[in-house]
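Okay, so here's the structure we're looking at.
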Amino acid sequence: MSDPLEYKDAPELTGEISLKGTGYGIRMVFPETGTEEMLLSELERLCSEAPVLSGNLGIVMDFQGRRVSRDFILSLLSRFIWPRKMRVLSWTGYDAETLEDLRTMGAATGEPVPEKTGRREKQTAGALVLAKSLRSGQRVEHEGDVVVVGHVNDGAEVFASGSICVWGRLKGVAHAGLDGHEEHTVIAGAFEAKQVRIGGKVSSALGSSMEWWGKPVIITLENNSLVVRELKL
Amino acid sequence: MDPRVIVVTSGKGGVGKTTTTSNISVALARAGHKVVAVDADIGLRNLDVMMGLENRVVYNFIDVLEGTCRLNQALVRDKRVDNLFLLPAAQTRTKESVNSGQMEELCDMLRKEFDFIILDSPAGIEGGFRNAAVGADEALVITTPEVPAVRDADRIIGLLESMGKAPIRLVINRLKSRLVREGEMLDVRDVLDILAIDLIGIVPEDESVVKSANRGEPLTFSDSAPAAQAFQRIASRLVGEDVPFPVLSDENGRGILAGIRKLFGMKG
Numbered sequence: 001m002s003d004p005l006e007y008k009d010a011p012e013l014t015g016e017i018s019l020k021g022t023g024y025g026i027r028m029v030f031p032e033t034g035t036e037e038m039l040l041s042e043l044e045r046l047c048s049e050a051p052v053l054s055g056n057l058g059i060v061m062d063f064q065g066r067r068v069s070r071d072f073i074l075s076l077l078s079r080f081i082w083p084r085k086m087r088v089l090s091w092t093g094y095d096a097e098t099l100e101d102l103r104t105m106g107a108a109t110g111e112p113v114p115e116k117t118g119r120r121e122k123q124t125a126g127a128l129v130l131a132k133s134l135r136s137g138q139r140v141e142h143e144g145d146v147v148v149v150g151h152v153n154d155g156a157e158v159f160a161s162g163s164i165c166v167w168g169r170l171k172g173v174a175h176a177g178l179d180g181h182e183e184h185t186v187i188a189g190a191f192e193a194k195q196v197r198i199g200g201k202v203s204s205a206l207g208s209s210m211e212w213w214g215k216p217v218i219i220t221l222e223n224n225s226l227v228v229r230e231l232k233l
Numbered sequence: 234m235d236p237r238v239i240v241v242t243s244g245k246g247g248v249g250k251t252t253t254t255s256n257i258s259v260a261l262a263r264a265g266h267k268v269v270a271v272d273a274d275i276g277l278r279n280l281d282v283m284m285g286l287e288n289r290v291v292y293n294f295i296d297v298l299e300g301t302c303r304l305n306q307a308l309v310r311d312k313r314v315d316n317l318f319l320l321p322a323a324q325t326r327t328k329e330s331v332n333s334g335q336m337e338e339l340c341d342m343l344r345k346e347f348d349f350i351i352l353d354s355p356a357g358i359e360g361g362f363r364n365a366a367v368g369a370d371e372a373l374v375i376t377t378p379e380v381p382a383v384r385d386a387d388r389i390i391g392l393l394e395s396m397g398k399a400p401i402r403l404v405i406n407r408l409k410s411r412l413v414r415e416g417e418m419l420d421v422r423d424v425l426d427i428l429a430i431d432l433i434g435i436v437p438e439d440e441s442v443v444k445s446a447n448r449g450e451p452l453t454f455s456d457s458a459p460a461a462q463a464f465q466r467i468a469s470r471l472v473g474e475d476v477p478f479p480v481l482s483d484e485n486g487r488g489i490l491a492g493i494r495k496l497f498g499m500k501g
């Protein structure tokens, strides 16, 4: 019997759309690489090979971190969703500009609200785990916790309703606890940010003179103040 | 060899995109490749002046795209170097005058004629940069070892990665050894730590660059200036030659780049 644990090199981004079966139907996950024309052709192929997409199953369109153009959204609607009567439950992703476009058009974003089945369903999404660094100008928004297995560079931003954990250097802005609950935390492998936020609290009097600068920290909100503790493992 | 289309960009202005474009274009042409340097900075063109060819500019690439002239009428052949051409930008138009489809069409036209197409991008992250980059396969990102420049370079690298450009390589320009020693300037390791892309060259601060810009004579016409030699090495690495990074040491003989050489597995 072979060991269930397989070692693989970091997967290359194959640029393919993947379909995953879930409790509510199908999750259509779009890759972050590849041109939009390629994705539309890929989708044509998938639709002809998987008639289940036109059935009654609910579909969640997951764009991950991809910045999706408005033209692409329109193409999806006019070439696939309407003609094939696909039942889209929601449009998700974590690129802030894409989410903004989707919200402005009134699309449901975030995880689909499950129908009452009598079982207890999770109301929020699980943690978003990003196995990459965020570069300046990249902005991530997520309902839930966010784990960045990489650095958050100066000029990058992470917004989470839950907690934020950055394995590498945190130099950009992390804003945890957007759901208003005070128990959320910001954890960083090396803290070098000029500003950090939890809930409604912003701390901006930060700099390299602080003794925990550049060190692993855990930041919490206690009695309406942001408290930093060096993480000593 | 397939034609190579490379965009030279930075995000921040004034870090040396045009200087790099003109110097590596000359170096590649002198090595025997057929090269066109394309000025993609519509409305604020500089490449023609840097290359000393501004008096011979009659048409520009917008004229080519609009059908006002043929491509070979717009190309300015450099009489000082065989195989080197300039395709100028329009000074009297703006960046809204072309769209990305047209830029891709232009690059396809140039691929039929040239071994290397080097596009000098404007500063910024908006339409001008996107138009310069859309037809390219590879990118050279120029930065100086300064916090604002590095942050802008990080932004531009993120955009280039999302556009699928590869490889994306870094040139660190205007390095001042004395300031690095004094801890006043970011060192090469700090920059690479943040930007996390392959380094293709380090160009030291060199007064000859100012003189050559004003004279319209790219440095790589003469071999002696330190910056000229650095640009020459970048051109060689671009064609796949394994050129070691030189030892830049301070007055105590300590190698400033020793750490970098270790990073690349070379003996410090």
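Going line by line, the protein sequences match chains A and B.
All letters in the first sequence, in the order written, are residues 1 to 233 by the numbering used here.
All letters in the second sequence, in the order written, are residues 234 to 501 by the numbering used here.
Glycine included, every Cβ here is placed at the ideal spot set by N, Cα and C.
From a predicted model like this one, the values you see are computed outputs, not experimental measurements.
Check: Who are the near neighbours of LEU13 (chain A) in its chain, counting only those whose CB is closer than 7 Å to its CB and skipping five residues on each side?
Finding: Confidence is the limiting factor: at LEU13 (chain A) the pLDDT is only 48, short of 50, which leaves the residue's position unreliable and the question unanswerable from this model.
Check: chain A partners of ARG278 (chain B), CB-CB under 9 Å?
Finding: Per Cβ cutoff of 9 Å: no residues; ARG278 (chain B) is ~27 Å from chain A at best.
Notebook entry, point to check: Name the residues in the segment 388-419 of chain B whose C-beta lies less than 7 Å from a C-beta of chain A; which are they?
Noted result: ARG388, ILE390, GLY391, SER395, GLY397
Note to self: Just to make sure I have the definition right: I need the residues of chain B whose C-beta is within less than 9 Å of the C-beta of GLN195 (chain A). Which are they?
What the structure shows: Within chain B, no residue comes near GLN195 (chain A); the closest Cβ sits about 15 Å away, beyond 9 Å.
Next item on the list: Helix, strand or coil for LEU46 (chain A), going by three-state DSSP, please let me know.
Entry: helix
Next item on the list: Kindly indicate the opening and closing residues of the alpha helix (DSSP H) around ALA131 (chain A).
Entry: Per DSSP, ALA131 (chain A) belongs to no alpha helix (DSSP H) and is neither H nor E.
Next item on the list: Could you check what DSSP says for CYS340 (chain B) in three-state terms: helix, strand or coil?
Entry: helix
Checklist line | Residue environment, GLN306 (chain B), which counts as buried when at least 16 other CB atoms sit within 10 Å | finding: exposed
Note to self: Beta carbons nearer than 8 Å to chain B: which residues of the segment 89-110 of chain A have them?
What the structure shows: none
Notebook entry, point to check: For THR185 (chain A), which three-state DSSP category applies?
Noted result: coil
Next item on the list: Determine the direct distance from the alpha carbon of ARG70 (chain A) to that of LEU432 (chain B), and round the result to whole angstroms.
Entry: 35 Å
Check: Since GLY155 (chain A) and ARG384 (chain B) are thought to touch, with beta carbons under 8 Å apart, how far apart are those beta carbons, to the nearest angstrom?
Finding: 5 Å
Margin query: Just checking: is the beta-carbon of GLN138 (chain A) within a distance shorter than 8 Å of some beta-carbon in chain B?
Written below: yes
Check: Which of the three DSSP states, helix, strand or coil, is assigned to ASN406 (chain B)?
Finding: strand
Next item on the list: Measure the C-alpha to C-alpha separation of GLY172 (chain A) and ARG414 (chain B) and round it to an integer number of angstroms.
Entry: 27 Å
Next item on the list: Go through its chain and collect everything with a Cβ distance to ALA365 (chain B)'s Cβ below 6 Å, but skip five positions before and after it.
Entry: VAL240, ALA273, LEU352, SER354
Check: So ILE358 (chain B) and ARG326 (chain B) are in contact, right, with Cβ under 8 Å, and what is the actual spacing, rounded?
Finding: About 20 Å separates the two Cβ atoms, so there is no contact after all.
Notebook entry, point to check: ASP62 (chain A) CB to nearest chain B CB: under 8 Å?
Noted result: no
Note to self: Check whether the segment 423-437 of chain B and the segment 276-292 of chain B touch, using three or more Cβ-Cβ pairs below 8 Å as the test.
What the structure shows: no
Next item on the list: Would you list the residues sitting across from PHE349 (chain B) in a DSSP beta bridge?
Entry: B:ARG237, B:VAL268
Notebook entry, point to check: Around the C-beta of THR376 (chain B), are 16 or more other C-beta atoms found within 10 angstroms, so that it is buried, or is it exposed?
Noted result: buried
Next item on the list: Kindly identify the DSSP beta-bridge partner or partners of ARG229 (chain A).
Entry: A:ILE218
Check: Using DSSP with H/G/I as helix, E/B as strand and the rest coil, what is VAL146 (chain A)?
Finding: strand
Checklist line | Test: ARG70 (chain A) CB closer than 8 Å to a CB of chain B | finding: Chain B contact via Cβ: absent.
Next item on the list: Measure from the alpha carbon of ASP311 (chain B) to the alpha carbon of each residue in B:ASP475, B:ASP235, B:GLY449, B:SER457, then state which is nearest.
Entry: The shortest C-alpha to C-alpha distance from ASP311 (chain B) to any of B:ASP475, B:ASP235, B:GLY449, B:SER457 is the one to B:GLY449.
Check: Straight-line CA distance for ILE350 (chain B) to ASP475 (chain B)?
Finding: Whole-angstrom Cα-Cα distance: 22 Å.
Check: Cβ atoms of PHE191 (chain A) and VAL227 (chain A): under 8 Å apart, would you say?
Finding: no
Margin query: So if I threshold CB-CB distances at 7 Å, which residues from the segment 148-182 of chain A count as touching chain B?
Written below: ASN153, ASP154, GLY155
Item checked: Beta bridge counterpart(s) of PHE80 (chain A) as assigned by DSSP -> Note: PHE80 (chain A) sits in no beta bridge, so no partner.
Notebook entry, point to check: If GLU111 (chain A) and SER78 (chain A) are in contact, beta carbons under 8 Å, what's the gap, nearest whole angstrom?
Noted result: With a beta-carbon spacing of about 26 Å, GLU111 (chain A) and SER78 (chain A) fall beyond the 8 Å limit used to define contacts.
Margin query: In whole angstroms, give me the CA-to-CA distance for PRO4 (chain A) and SER136 (chain A).
Written below: 38 Å
Item checked: Burial state of TRP82 (chain A) (16 or more Cβ within 10 Å) -> exposed
Item checked: For GLN335 (chain B) and LYS245 (chain B), the rounded distance between their alpha carbons -> 25 Å
Next item on the list: Please list, in chain order, all residues of the same chain as ALA468 (chain B) whose beta carbon is under 7 Å from its beta carbon, the five residues on each side excluded.
Entry: ILE257, ALA260, LEU261, ALA264
Check: Any beta-carbon of chain B closer than 8 Å to the one on SER241 (chain A)?
Finding: Nothing about residue 241 (chain A) can be read from this structure; chain A reaches only from 1 to 233.
Notebook entry, point to check: What does SER133 (chain A) reach in chain B if we use C-beta pairs closer than 9 Å?
Noted result: One finds ALA429 in chain B with Cβ atoms closer than 9 Å to the Cβ of SER133 (chain A), taken in chain order.
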